[in-house]
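Residue numbers (our numbering), protein chains in the order written: chain C, 11 to 180; chain A, 955 to 1479.
Where a beta carbon is used, it is the ideal one built from N, C-alpha and C, also for glycine.
Report on the structure given below.
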Amino acid sequence: MNACQPWSVERARTIVADNRHLRGALLPILHALQEEFGYIDEQAIPLLAGELNLSRADVHGVVSFYHEFRREKPGRHVIKVCRAEACQAMGANALVDHIKAKLQVDFHGTTADGAFTLEQVFCLGNCALSPAVMVDEHLYGRVSPARFDAIAAETAHPTTRPAGQKERAQ
Amino acid sequence: MSGHLITVYVPRDAAALSLGADSVAAAIRAEAAKRELPLRIVRNGSRGMLWMEPLVEVETPDGRVAYGSVTADDVPSLFEAGFLSGGDHPLGQGLTEEIPYFKKQERLTFARCGVIDPLSVEDYRAHGGFRGLENALAMTQAEIVKTVTDSGLRGRGGAGFPTGIKWNTVMGAKADEKFVCCNADEGDSGTFADRMIIEGDPFCLIEGMTIAAIAVGATSGYVYMRSEYPHATETLRHAIKLAYDEGWLGDNIHGTSRTFHLDVRVGAGAYICGEETAMLESLEGKRGMVRAKPPLPALEGLFGKPTVVNNVLSLCSVPIILDKGGAYYRDFGVGRSRGTLPFQLAGNLKHGGIVEKAFGITLHELLYDFGGGTISGRPIRAVQVGGPLGAYLPPSQFDLPKDYEAFAAQEAMVGHGGIVVFDDTVDMAQQARFAMEFCVAESCGKCTPCRIGSTRGMETIDKIIAGKNVDANLTLLADLCEVMVDGSLCAMGGMTPYPVRSAVKHFPEDFRRTPAVRVTHIAAE
């Protein structure tokens, strides 16, 4: 669950102050901002440029270079589905089609109810148990379309047991 | 049984968690409480037999007995079967270390992974940990570098550069500050050894980096982790804190005059940051743009200072080399590929996991003797070795011995030891297209052959798949691949053609199907 706080300039300044002593501080600060707010707000660009003595272009360049940094507020949960070769070998392409149809979104999109944002990734390091999906920071292996549906349902409406673990995955 | 504290191992490895290891641990704890049986649960790393995860082990007088793969629902029946004393159960696998997949391995780097509690310094020391560092603390810088050089260790990240020679350059460089950076940006599909060892034996990496720092005279270091690996990052951060607490990191390491400070930095989903100079740029807080070489990072690396950049597995091989000597390590392997490599069996394979073996083992042994063939039951048609920039090999090449030179001769690479298996439903034209698509997504954009070439390559393969001017477009694709190989700044653009060329070379029929036939072919399968 992404318990994201609404964007706040004051809070952002505090995060910058907490991290600015680090060498090469921009990436750690961007990670901290995204963890706090769920995304990198447009207002963060001039703020970081001023605080770190960089140009706005430098900051924008870094934010836009890395796939991980998001420019818009995500849904309550972020689903990352792996599209790399080991997952392809076990049906990731079909799984991607299923997920897109099920959630009615494309990559980088957020479902109408705000529950899920869908992202593609290339490798989650679970290549012996592919296809792999990560929901927030929970990793799942051997994700069939049916298992995905169970994981998504469980994530959106948790019962007592952790998602996707009710049945043997194979 | 009651009164005697039994130890049960339930892995905390991300792969085990991905199949429910946390709920298995919780179920065991709950069931034990209900039955008033005292037991201790250790959350170990993985033994690397990933198809059996979650693999639960019980300590018995005869050794550790394995059960897998266990779900929370199996737990009551395990207790009924007396698994706490190694009782028979349908999920029983016998003694863990007698399982052939495990027994046939030569575990040097992964010796402790899955065995110990990853976050116990005491457990680490009890299994030989920090002995290499203790030796290093009593040696001169040149002696440490010579030991690593003598071991024949080559970079495990992909390029295979001799580690000792790299260290020697950094040691000889004059500077007010030097760095040791660990490249843990394990972005290749089909590789997970870095993740596993960081989750299962993090002190091994800390020890290896500290030895490197002492050898070259560095006082600070960074581990560059992937954002896709939150579990490994958390484990490593915790382990670093413990190492500081116990005097293995920081100022005056264990009473000596040596100092080494270590920190973790997290990338942000850019594959190119696995390239060493792009990683350094990223560590400096910039876009992960590849630098032109020279200058070598060994002379002008992080913040312009002499820097050792090594892969996780290279650094994790160092403690045993300093513990047992260069000759011990060199005695494993063949030709100029010395020591062992943790191969990673992935994709459509029955028994996926880690197989650490000396160089020289063949693909055939890995795929069939260890891997057990495909999980789908269909024949293997292609394997991709060495990550997304590695060649696709057909079964006729499965007898190739795994060593750096033999593979390089085939435009394949040992790389980071990843092996991804595809059955006969794979469409190799689509795989070739994906190689280009991946390069489009992940190119840093600095050089033209990679940035533009990949896009044009994808378009050209699309035309071939659509059956348009196939011969002319295949010629164009071959030319384009040549330009990318010869003209790119780094391996991203320079090796993206390898999977493409190998697919065209070994599976030409997939590039010559008319669209109608292609659809029927796929539908039939």
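In DSSP terms, what residue i is bridged to
{"i": "serine 1174/A", "result": "Phe1133/A and His1215/A"}
{"i": "cysteine 92/C", "result": "Val131/C"}
{"i": "arginine 1292/A", "result": "Gly1287/A"}
{"i": "aspartate 1377/A", "result": "Ile1334/A"}
{"i": "tyrosine 963/A", "result": "Val996/A and Glu1011/A"}
{"i": "alanine 1020/A", "result": "Glu1011/A and Gly1048/A"}
{"i": "alanine 984/A", "result": "Answer is none; alanine 984/A lacks a bridge partner."}
{"i": "arginine 1108/A", "result": "Pro1116/A"}
{"i": "lysine 1058/A", "result": "DSSP lists no partner for lysine 1058/A."}
{"i": "phenylalanine 1297/A", "result": "Val1309/A"}
{"i": "threonine 1316/A", "result": "Pro1355/A"}
Closer than 8 Å to chain C by CB, residue i
{"i": "leucine 1073/A", "result": "no"}
{"i": "alanine 1222/A", "result": "yes"}
{"i": "asparagine 1302/A", "result": "yes"}
{"i": "valine 1374/A", "result": "yes"}
{"i": "glutamine 1298/A", "result": "yes"}
{"i": "alanine 1426/A", "result": "no"}
{"i": "tyrosine 1225/A", "result": "yes"}
{"i": "proline 1116/A", "result": "no"}
{"i": "glutamine 1047/A", "result": "no"}
{"i": "glycine 1306/A", "result": "yes"}
{"i": "proline 1348/A", "result": "no"}
Per-residue DSSP class, three states only, for residue i
{"i": "phenylalanine 1352/A", "result": "coil"}
{"i": "valine 1262/A", "result": "strand"}
{"i": "histidine 1081/A", "result": "coil"}
{"i": "arginine 86/C", "result": "coil"}
{"i": "alanine 122/C", "result": "coil"}
{"i": "proline 1451/A", "result": "helix"}
{"i": "glycine 1421/A", "result": "coil"}
{"i": "leucine 1347/A", "result": "strand"}
{"i": "glutamate 61/C", "result": "helix"}
{"i": "lysine 110/C", "result": "helix"}
{"i": "alanine 42/C", "result": "helix"}
{"i": "alanine 49/C", "result": "Looking at the sequence shown, residue 49/C is not alanine but tyrosine. Three-state DSSP puts tyrosine 49/C in coil, outside helix and strand."}
{"i": "leucine 973/A", "result": "coil"}
Any C-beta of chain A under 8 Å from that of residue i
{"i": "proline 94/C", "result": "According to the sequence shown, residue 94/C is alanine rather than proline. Yes - at least one Cβ of chain A is within 8 Å of the one on alanine 94/C."}
{"i": "valine 91/C", "result": "no"}
{"i": "valine 106/C", "result": "no"}
{"i": "tyrosine 49/C", "result": "no"}
{"i": "glutamate 52/C", "result": "no"}
{"i": "glutamine 175/C", "result": "Confidence at glutamine 175/C is low in this model, with a pLDDT of 47, below 50, so the placement of that residue should be treated as unreliable; the coordinate-derived value is given next. At least one chain A Cβ lies under 8 Å of glutamine 175/C."}
{"i": "histidine 118/C", "result": "no"}
{"i": "alanine 67/C", "result": "no"}
{"i": "glutamate 147/C", "result": "yes"}
Chain-ordered neighbours of residue i on chain C, where CB pairs are closer than 7 Å
{"i": "glutamate 1486/A", "result": "Lying before the first or after the last residue shown, residue 1486/A is absent from chain A, which here runs from 955 to 1479."}
{"i": "arginine 1481/A", "result": "Any property of residue 1481/A remains undetermined from this structure, which presents chain A solely from 955 to 1479."}
{"i": "glycine 1144/A", "result": "Glu95, Ala96 and Cys137"}
{"i": "glutamate 1182/A", "result": "Val131, Cys133, Leu134 and Gly135"}
{"i": "glutamine 1338/A", "result": "Glu95"}
Reference residue i; option with closest CA among the options
{"i": "asparagine 1245/A", "options": "Pro965/A, Tyr1346/A and Glu1235/A", "result": "Position check: residue 1245/A holds arginine in this sequence, whereas asparagine was assumed. The candidate whose alpha carbon is nearest that of arginine 1245/A is Glu1235/A."}
{"i": "valine 1339/A", "options": "Ala1366/A, Gly1407/A, Thr1123/A and Asp1440/A", "result": "Ala1366/A"}
{"i": "arginine 1219/A", "options": "Phe1115/A, Met1179/A and Val1375/A", "result": "Met1179/A"}
{"i": "arginine 997/A", "options": "Pro1008/A, Lys988/A, Met1003/A and Cys1404/A", "result": "Pro1008/A"}
{"i": "alanine 1252/A", "options": "Ala1138/A, Met1243/A, Gly1242/A and Asn1264/A", "result": "Asn1264/A"}
{"i": "glycine 1221/A", "options": "Gly1242/A, Thr1231/A, Trp1202/A and His1215/A", "result": "Gly1242/A"}
{"i": "aspartate 1433/A", "options": "Lys1422/A, Pro1451/A and Gly1421/A", "result": "Pro1451/A"}
{"i": "aspartate 1277/A", "options": "Thr1101/A, Pro1349/A and Leu1045/A", "result": "Thr1101/A"}
{"i": "leucine 1038/A", "options": "Asp1217/A, Val1012/A, Pro1030/A and Gly1048/A", "result": "Val1012/A"}
{"i": "alanine 1169/A", "options": "Trp1121/A, Gly1399/A and Ile1160/A", "result": "Trp1121/A"}
{"i": "valine 91/C", "options": "Glu52/C, Leu128/C, Thr169/C and Pro38/C", "result": "Leu128/C"}
Residue i: contacting residues in chain A (beta-carbon distance under 7 Å)
{"i": "proline 168/C", "result": "Per Cβ cutoff of 7 Å: no residues; proline 168/C is ~13 Å from chain A at best."}
{"i": "glycine 151/C", "result": "Ala969, Ser972 and Leu973"}
Chain-ordered neighbours of residue i on chain A, where CB pairs are closer than 8 Å
{"i": "alanine 102/C", "result": "Chain A residues near alanine 102/C: none, gap ~10 Å exceeds 8 Å."}
{"i": "proline 84/C", "result": "None at all; the shortest Cβ gap to chain A is about 14 Å."}
{"i": "alanine 142/C", "result": "Ser972"}
Contacts of residue i in chain C (Cβ-Cβ under 9 Å)
{"i": "glutamate 1140/A", "result": "Cys133 and Gly135"}
{"i": "phenylalanine 1257/A", "result": "Arg33 and Gly34"}
Listed by chain order, chain C residues near residue i by CB distance under 8 Å
{"i": "glutamate 1230/A", "result": "Neighbours of glutamate 1230/A on chain C: none; closest Cβ ~15 Å, over 8 Å."}
{"i": "arginine 1149/A", "result": "Gly135"}
{"i": "proline 1462/A", "result": "In chain order: nothing, as chain C lies at least about 20 Å away."}
Residue i beta carbon near the ligand COA (any heavy atom closer than 7 Å)
{"i": "alanine 96/C", "result": "With respect to the ligand COA, the structure offers nothing, as it holds no ligand at all."}
Under 9 Å by beta carbon: chain A residues contacting residue i
{"i": "proline 38/C", "result": "Arg1219, Val1220 and Gly1239"}
- Cβ-based contacts, 7 Å cut-off: residues of the stretch 1392 to 1409 of chain A near chain B: This model lacks chain B altogether; the protein chains it does include are C and A.
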